[in-house]
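This report concerns only the one structure given below.
Protein chains: 2
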Amino acid sequence: MTSPSVTRGPTAPQILGRCRDLVRPALARAVRQLHPWHAEMAAYSFGWDTADGGPPPGSQGKGVRQALALLAAEAAGAPAEEAVVGAVAVELIHVFSLLHDDIMDGDETRRRRATVWKAYGTGPAILAGDALFALAVRTLAEAPGPHGAAAVRHLAATLADLVRGQAEDLLFESRPWTGPGAVRPREYRWMAEHKTGALLGCAAGLGGVLAGAPSATVDALADAGRHLGVAFQAVDDLLGIWGDPEVTGKPVHSDLRRLKKTYPVLAALASDRPAAGRLAVLLGTGDPLDAPAARRAAGLVEEAGGREATLAEAHRHLEGARRSLKSVPLAPGALDEILALLPFLVERAV
Amino acid sequence: MTSPSVTRGPTAPQILGRCRDLVRPALARAVRQLHPWHAEMAAYSFGWDTADGGPPPGSQGKGVRQALALLAAEAAGAPAEEAVVGAVAVELIHVFSLLHDDIMDGDETRRRRATVWKAYGTGPAILAGDALFALAVRTLAEAPGPHGAAAVRHLAATLADLVRGQAEDLLFESRPWTGPGAVRPREYRWMAEHKTGALLGCAAGLGGVLAGAPSATVDALADAGRHLGVAFQAVDDLLGIWGDPEVTGKPVHSDLRRLKKTYPVLAALASDRPAAGRLAVLLGTGDPLDAPAARRAAGLVEEAGGREATLAEAHRHLEGARRSLKSVPLAPGALDEILALLPFLVERAV
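Quick mapping for you: the protein sequence lines, in order, are chains R and H.
Position 293 (the first sequence) corresponds to 292 in numbering that gives the first Met the number 0; numbering is contiguous.
Position 194 (the second sequence) corresponds to 193 in numbering that gives the first Met the number 0; numbering is contiguous.
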């Protein structure tokens, strides 16, 4: 009897790199189908625009969505290549949603560059988003193989979730910080499951669909992706307050300055610690916070347990993702790679 | 031998009314699947919002797209009911495109009411448009029967055309009136084929697809719809200059005041009549025209033959639609109804 040899699998950056290399040519081919103006805006968003000397290192994003689609297909027993159209579709939808969300949220920079609406104008950015949306649907609808129609259904259901989540997020803005109309942490969680969770769930689910996996496997993969998305959002919320400006490219405490209703703040306000009351007073004026006020607010969020609650939320959902993945039989190699990605995504916040 | 009895078929308003009655319940059911906020904006756009006393008569639109989908299915030998999902999808896409186009074009009123972005805000209108887009795809993707996947492919190809046409239209704005960079009438025609033609072509084509018609029939139906769309756009352009403000709900000469590059103006500028030069000077300042200048411009467009050329364009495309419809075998009753709709749509302009 021999004990299994302990081999070290590929690292998270290696896994992401392998997936990016598989998806990139198909993604570029899809983008070339767009009107040249829209292709230019898409390339700019993907960080491919090298006309002005190339993007700063690291600005291309990690490619978590595309990796998840490919690894999910492998986990369901198919070659990664089967899921490339799905990976292309989710990347296109991701950029579509960034383009439109940046307008809705008034965000002027992303990854240290002007957002598309800021660089090209609101109308062109709306239309480029629409073009990417249409291209994503078309990519799946025209996919060769027997699973294209099921893939389109999966994507269409995701898009419905996505816009519902974003609608709630927009509506949160006009709700009060305290009192009966206040946004509860569980409402925020619902929003995050739909807005951020939907697309990662779609990525993993599409991998399963395109691999021809049984519906229980597709559901488990999609569920894991959704959990990962919520964990991802929680980490993003932590970075929006305590992230290093050098890394995030945003000013320190930026979400607090802009009075964004994120999980750490909502969890803090919902606590019964005294700091919650002081935080409510500070936020209650409705005016954007200046730097000292934002620093004070960050301290109060932490004192009221908001930071801790958000980290716990992230870990709870990572655990949920692991549980979903273990609920169905999956190919061990790909499963290990998905599991290796999970902590990598949360490490950003620590 | 008896000569065929001359019976008078239903009138255009009767045909449109019958189709609206068939589609309305399914459309309302689809809209109810939206987030309540988006359902409200959709109802507002469809002219269903009766909360504030009901819309003014005639504000619901004619429902040409939905009628075309249903009649095309009947012409291809299937019951109209088979095409109801297609009619719902094109109506949803139509409203999606109105919501986004009104933002891009800065239009503040439509059918005498505030446009959605003006009434609800830009961000909410962008998102409601996205929600309608997603719902249209979902409606077809989840359609029962064997033709759902082909219908989604048809819609996806249409959407690609639609955004390309709108992109060109946006780019026209920043191009000069004269000289080598000027927009040529044939470029405008290409834009109209894509922007306006695509959706009417899609409506008719979807009717054929959902009826299970052979591809030659689908192509002929789609082609007829596309011609009708271009004719429709030409009529719209005439109304944008010479339409009765009482009927259009827009100020007289409104497209000229806003320096919109429409077919009558481009055709006038491309002519070699002396009025073309005077028109170029008047428009060339780049400033919006006041009422007397717009009246002068309208006179020059007419003098240079722009009005005449646009009417001819409309009639040429109506003829093209008739020709396409007659190129394949179609059920005579439904064909007659489609043919009866054609002049009705152009009469608006006379």
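Ideal Cβ placement from N, Cα and C applies to all residues, glycine included.
Bear in mind that the values here come from a model prediction, so they are computed numbers and not experimental data.
Since residue i contacts residue j with CB under 8 Å, what's their CB separation in whole angstroms?
i: R109 of chain R; j: L97 of chain R; result: 7 Å
i: L161 of chain R; j: L198 of chain R; result: 6 Å
i: L205 of chain R; j: A269 of chain R; result: Not really, about 35 Å apart at Cβ, beyond 8 Å.
i: L288 of chain H; j: I14 of chain H; result: Contact doesn't hold; Cβ gap of about 40 Å is too wide.
i: H252 of chain H; j: A293 of chain H; result: 4 Å
i: R174 of chain H; j: A181 of chain H; result: 7 Å
i: A230 of chain R; j: H153 of chain R; result: In fact, because the Cβ distance is near 21 Å, the residues do not count as touching under 8 Å.
i: R64 of chain R; j: A202 of chain R; result: 4 Å
i: V89 of chain R; j: T138 of chain R; result: Not a contact, Cβ separation roughly 10 Å.
i: A74 of chain H; j: A320 of chain H; result: Contact flag wrong, Cβ pair sits at about 13 Å.
i: G200 of chain H; j: G224 of chain H; result: 4 Å
i: K359 of chain H; j: G239 of chain H; result: Residue 359 of chain H is absent from the model: chain H starts at 0 and stops at 349.
i: L91 of chain R; j: E336 of chain R; result: That belief does not hold up - the Cβ atoms of L91 of chain R and E336 of chain R are roughly 23 Å apart, past 8 Å.
i: A86 of chain R; j: V136 of chain R; result: Contact doesn't hold; Cβ gap of about 15 Å is too wide.
i: P279 of chain R; j: G76 of chain R; result: The sequence shown places Ala at residue 279 of chain R, not Pro. About 52 Å; that fails the 8 Å criterion.
Could you tell me which chain R residues have their CB closer than 7 Å to the CB of residue i, listed as they occur along the chain?
i: I125 of chain H; result: H99, I102, M103 and I125
i: A166 of chain H; result: H34, W36, H37 and L126
i: R185 of chain H; result: Those do not exist, as R185 of chain H stays about 18 Å from chain R at its closest Cβ, beyond 7 Å.
i: G122 of chain H; result: I102, M103 and L169
Starting from residue i and walking both ways along the alpha helix (DSSP H), at which residues does that stretch end?
i: L288 of chain R; result: It is not in any alpha helix (DSSP H) - L288 of chain R carries neither H nor E in the DSSP assignment.
i: K117 of chain R; result: V115 to Y119
i: D335 of chain R; result: P331 to E346
i: G16 of chain R; result: A11 to V30
i: A269 of chain R; result: Y262 to A269
i: L91 of chain H; result: V83 to D104
i: W36 of chain R; result: P35 to F45
i: S253 of chain R; result: S253 to R256
i: R64 of chain R; result: V63 to A74
Using a C-beta to C-beta distance shorter than 8 Å, which residues of chain H count as neighbours of residue i?
i: L170 of chain R; result: W36
i: A155 of chain R; result: A133, V136, R137, A140 and E141
i: V151 of chain R; result: V136, A140, A148 and V151
List, in order along the chain, the chain R residues whose C-beta lies closer than 9 Å to that of residue i?
i: G158 of chain H; result: Per the sequence presented here, residue 158 of chain H reads as Leu, with Gly not at that position. Simply D129, A130, F132, A133, L134, V136 and R137.
Given that residue i touches chain R, what residues does it touch there, using C-beta distances under 8 Å?
i: G147 of chain H; result: A148
In chain H, what lies closer than 9 Å to residue i by C-beta?
i: V327 of chain R; result: Correct list: empty, because the minimum Cβ distance to chain H is about 25 Å.
i: R163 of chain R; result: L33, H34, H37 and A130
Against chain C, does residue i count as a neighbour if the rule is that its beta carbon must be under 8 Å from one of theirs?
i: A72 of chain H; result: Here chain C cannot be found, since the structure's protein chains are R and H.
Below 7 Å, is the gap between the Cβ of residue i and the nearest heavy atom of the ligand PLP?
i: L126 of chain R; result: Ligands in the displayed structure: none, and consequently the ligand PLP is not present.
Near-chain R residues of the stretch 24-46 of chain H - C-beta to any C-beta below 7 Å = H34, W36 and H37
Could I get the ranges of all uninterrupted alpha helix (DSSP H) runs contained in the stretch 145-175 of chain R, with 4 residues as the minimum, in chain order?
-> 147-172
Which whole runs of the alpha helix (DSSP H) in the stretch 165-248 of chain H are 4 residues long or more, in chain order?
-> 184-194, 196-209, 214-241 and 244-247
Within 8 Å of chain H by C-beta, residues of the stretch 130-144 of chain R in sequence order = A130, F132, A133, L134, V136, R137, A140 and E141
Pull out every residue of the stretch 83-95 of chain R whose Cβ sits closer than 7 Å to any Cβ of chain H, in chain order.
-> none
Go through the stretch 271-322 of chain H residue by residue and report every complete run of the alpha helix (DSSP H) that reaches 4 residues or more, in order.
-> 273-283 and 290-302
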